[in-house]
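> Got a structure here, written out as structure tokens. Questions coming.
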């Protein structure tokens, strides 16, 4: 009789464990959803979604230009890599790997790549970013707060930069 009871307790404890695990997972998703929706509170159905509200077409918005590009330059392929201001190691890894390989193997002036970023509210990150930009010269900093929710704006800023900087390119590719 004791074995039957022990087996029953094991089955009950498994059921409790699965119930607890399911509750934690669903609760975690609900928690994340609450914060994601809360973070997008200004994007209600009645909110203005016109890019022109956030990006002025005729206003200069570049805070930092890349030295590796010249205004009006002719380039066969331009890669613009979207990056976050605090992702220093990611940018460094890209520079040391495929970016370096492509630039060294392509005919002179036929391929260039730059990083596109927005502002960071953290002073230490901004300071490191300016230093990195001075060192490599491959960073564009646009005048907007760089957050996950602003990725669409970042893509539009990319196109605006190419047009305003009068780059003559055959192919533009975006990397995230």
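Residue numbers (full-length UniProt numbering): 1 to 176.
We put the CB at the ideal spot given by N, CA and C, even for glycine.
Between 152, 170 and 72, which lies nearest to residue 116 when the distance is taken from Cα to Cα?
Measuring from the Cα of residue 116, the nearest candidate turns out to be 152.
> Based on the DSSP output, what are the partners of residue 64 in its beta bridges?
DSSP, once it has assigned bridges, lists 141 as partnering residue 64.
> Quick one: what does DSSP say residue 166 is sitting in, helix, strand or coil?
In the structure shown, residue 166 sits in coil (DSSP, three-state: anything other than H, G, I, E or B).
> Out of curiosity, what's the CA-to-CA distance linking residue 49 and residue 105?
One C-alpha to the other measures close to 42 Å.
> Terminal residues of the continuous beta strand (DSSP E) containing residue 87?
First-last for residue 87: undefined, no H or E at that position.
> Can you tell me whether residue 157 is buried or exposed? The criterion is at least 16 other CB atoms within 10 Å of its CB, across all chains shown.
Buried, because 16 or more other Cβ atoms sit within 10 Å of the Cβ of residue 157.
> Span of the beta strand (DSSP E) holding residue 117?
It spans 111-119 - the beta strand (DSSP E) in which residue 117 sits, taken as one unbroken run.
> Less than 7 Å between the C-beta atoms of residue 81 and residue 175, yes or no?
Yes, Cβ-Cβ distance for residue 81 and residue 175 is below 7 Å.
> By DSSP, does residue 76 sit in helix, in strand, or in coil?
Strand.
> Suppose the cutoff is 8 Å on Cβ atoms and the five residues either side in sequence are ignored; what does the same chain contact list for residue 155 look like?
Excluding residues within five positions, the ones whose Cβ falls inside 8 Å are 82 and 174.
> Taking the C-alpha atoms as reference points, what is the distance between residue 171 and residue 160?
Spanning the two alpha carbons is a distance of roughly 15 Å.
> Check this for me: beta carbons of residue 162 and residue 63, under 7 Å apart or not?
No, they are not a contact pair.
> Could you tell me which of 109, 78, 87 and 51 sits nearest to residue 119, measuring between CA atoms?
Ranking 109, 78, 87 and 51 by Cα distance to residue 119 puts 87 first.
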